[in-house]
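When we follow full-length UniProt numbering, the leftmost residue of the sequence shown carries the number 3, and every step to the right adds one. These notes are about the structure you will find just below.
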Amino acid sequence: RKPLIPYEEIGAEKLSELIDRFYAKVAVHPDLYPIFPEDLTETARKQKQFQTQFLGGPNLYTEEHGHPMMRARHMPFPITPTRAKAWLACMAEAMDEVGLEGKLRDIYYQRLVMTANHMVNRSEEDG
Ligand code: HEM
């Protein structure tokens, strides 16, 4: 039987690998690296906590950092539509690399598309 919780279906190990591969791409993406810290260790650690709860696992992010308020937390960073597309492209490539496929990937990716679009807080001109 298939677990109904995406976090359980993916597993902690694969999720961690996904996020590590994602930030390896962010670190060299011309549209993204300028707005990120040089050392992404702590960013990746927080993202693993966040994705764990985003996918229905334990609320690791909230336990350590409080309410996610993701849009508010992103306000200091200029997130243009181009950067949202770049962020999603890095995630799609990372998903390919860890072999995340099928319906689970589609559902997860679509949720990320909605969240990424929600995070856009600057026009292309102001970014
Ligand atoms: C933090 C950019 C979308 C989750 C950050 C940071 C930047 C950033 C620059 C700060 C990194 C740091 O100082 O450590 C972007 C861009 C996005 C995007 C350009 C494009 C739309 C998303 C999405 C999610 C997300 C879709 C969740 C599904 C997070 C989390 C953090 C974070 C959990 C850490 C927050 C914290 O400091 O506690 N993001 N982000 N981001 N982002 Fe994003």
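C-beta: ideal position from N, C-alpha, C; glycine also.
Residue state for residue 103 is assigned as coil, using DSSP reduced to three classes. Between residue 17 and residue 89, the gap from beta carbon to beta carbon reaches 8 Å or more. Taken atom to atom, the span from the alpha-carbon of residue 6 to that of residue 74 is near 30 Å. Assigned with DSSP and collapsed to three states, residue 30 falls in coil, not helix or strand. Assigned with DSSP and collapsed to three states, residue 44 falls in helix.
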